Amino acid sequence: MHGAVLVSGMELTIIMTNAMVNAYSKVGRVDDARRVFDQVSIRDTITWTSMIAGYCQEKRLDKAMQVFDMMPDKDRTAWTALISGHEQNGEEDAALKLFEQMLAEGVWPTPFALVSTLGASAKLGLVMRGKELHCFVLRRSIGTDPFNSFIYNALVDMYCKCGDMMAAVALFRRMPERNYISWNSMVTGFSHNGLESSR
1 MHGAVLVSGM ELTIIMTNAM VNAYSKVGRV DDARRVFDQV SIRDTITWTS MIAGYCQEKR
61 LDKAMQVFDM MPDKDRTAWT ALISGHEQNG EEDAALKLFE QMLAEGVWPT PFALVSTLGA
121 SAKLGLVMRG KELHCFVLRR SIGTDPFNSF IYNALVDMYC KCGDMMAAVA LFRRMPERNY
181 ISWNSMVTGF SHNGLESSR
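Okay, so the sequence shown: first residue is 1 according to UniProt numbering, each after it adds one.
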């Protein structure tokens, strides 16, 4: 499609730009995505976020950060892509710092940003940090939205990975909805912490 557009001399619309940047990024052709990105003068949140996510997927976090820094209006979707990208690529400390920076700038976190931040806390064994996030969720009533099982599962998983099985059990019992992820986290948590699951 990109080649046909270039040959025809047709100007890229924002929809075409976003489709190409996203498609190239998803198949690992992030340099081609960047060429399209650089070729256009009008970009929206989707264009910027697709480019950031593409670089994160290819483990090129420095490039993702450069694109993010160039972004004129950093919305919560872009922040989430950057935080998740760092957490998924083993840069947990950076993910936590980015989350704090996002809050300091007054940007409301998405459930996905919270889950990535909880994942970073779990990987680093920072149970107190995880508890702070748990309190943040409760204070903001974030757990009452459609993603509540998504966030609750991340909290249970964090407590299990940090070895705080009492907190994990207490939260598990209060969960409004449990699924196989909830149960799997508990069973794995008991196993990894050398405990038998209660019946």
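Where a beta carbon is used, it is the ideal one built from N, C-alpha and C, also for glycine.
Since the structure is predicted, the reported quantities are computational estimates derived from the model, not experimental observations.
Legend entry - Nearest-angstrom Cα separation, counted from M166 out to D73: Indexing the sequence shown from 1 puts residue 73 at position 73. Indexing the sequence shown from 1 puts residue 166 at position 166. So the alpha carbons of these two residues sit roughly 42 angstroms apart.
Legend entry - Whole-angstrom distance between A53 and R43, CA atom to CA atom: Position 43 of the sequence shown holds residue 43. Position 53 of the sequence shown holds residue 53. Here the C-alpha atom of R43 lies approximately 15 angstroms from the C-alpha atom of A53.
Inset, instruction - Using 10 angstroms around the beta-carbon of L195, count the other beta-carbons present and answer buried if the total reaches 16, otherwise exposed. - result: Translated into the one-based positions of the sequence shown, residue 195 becomes position 195. By the neighbour-count rule (16 or more Cβ atoms within 10 Å), L195 is not buried but exposed.
Legend entry - Exposed unless 16 or more other CB atoms sit within 10 angstroms - verdict on residue 207: Residue numbering for the chain in the displayed model covers 1 to 199; residue 207 lies beyond these limits and cannot be assessed.
Inset, instruction - Name the two residues that bound the continuous alpha helix (DSSP H) containing P111. - result: As a position in the sequence shown, residue 111 is number 111, starting the count at 1. First-last of the alpha helix (DSSP H) with P111: 111-124.
Legend entry - Buried or exposed (CB count within 10 angstroms, at least 16 for buried), N179: Counting from 1 along the sequence shown, the entry for residue 179 is found at position 179. By the 10 Å Cβ count, N179 comes out exposed.
Inset, instruction - On a CA-only basis, which of P111, I46, A168, T188 is nearest S84? Give me that one, please. - result: Locating residue 84 in the sequence shown gives position 84, where the first residue counts as 1. Cα-wise, what sits closest to S84 is P111.
Inset, instruction - Compare the Cα-Cα distances from R76 to each of T49, V169, L96, G90 and report the closest residue. - result: Here residue 76 corresponds to residue number 76 of the sequence shown, with the count starting at 1. That would be T49, whose Cα lies nearest to the Cα of R76.
Inset, instruction - Going by CA-CA distance only, name the one from C56, E132, D164, L98 that's closest to V27. - result: As a first step, residue 27 must be located in the sequence shown, where it is residue number 27. V27 has its Cα closest to that of C56, out of C56, E132, D164, L98.
Inset, instruction - Please classify P146: is it buried, with 16 or more other beta-carbons within 10 angstroms of its beta-carbon, or exposed? - result: In the sequence shown, residue 146 corresponds to position 146, counting from 1. Because P146 sits at a pLDDT of 49, beneath the cut-off of 50, its placement in the model cannot be relied upon, and the point is left open.
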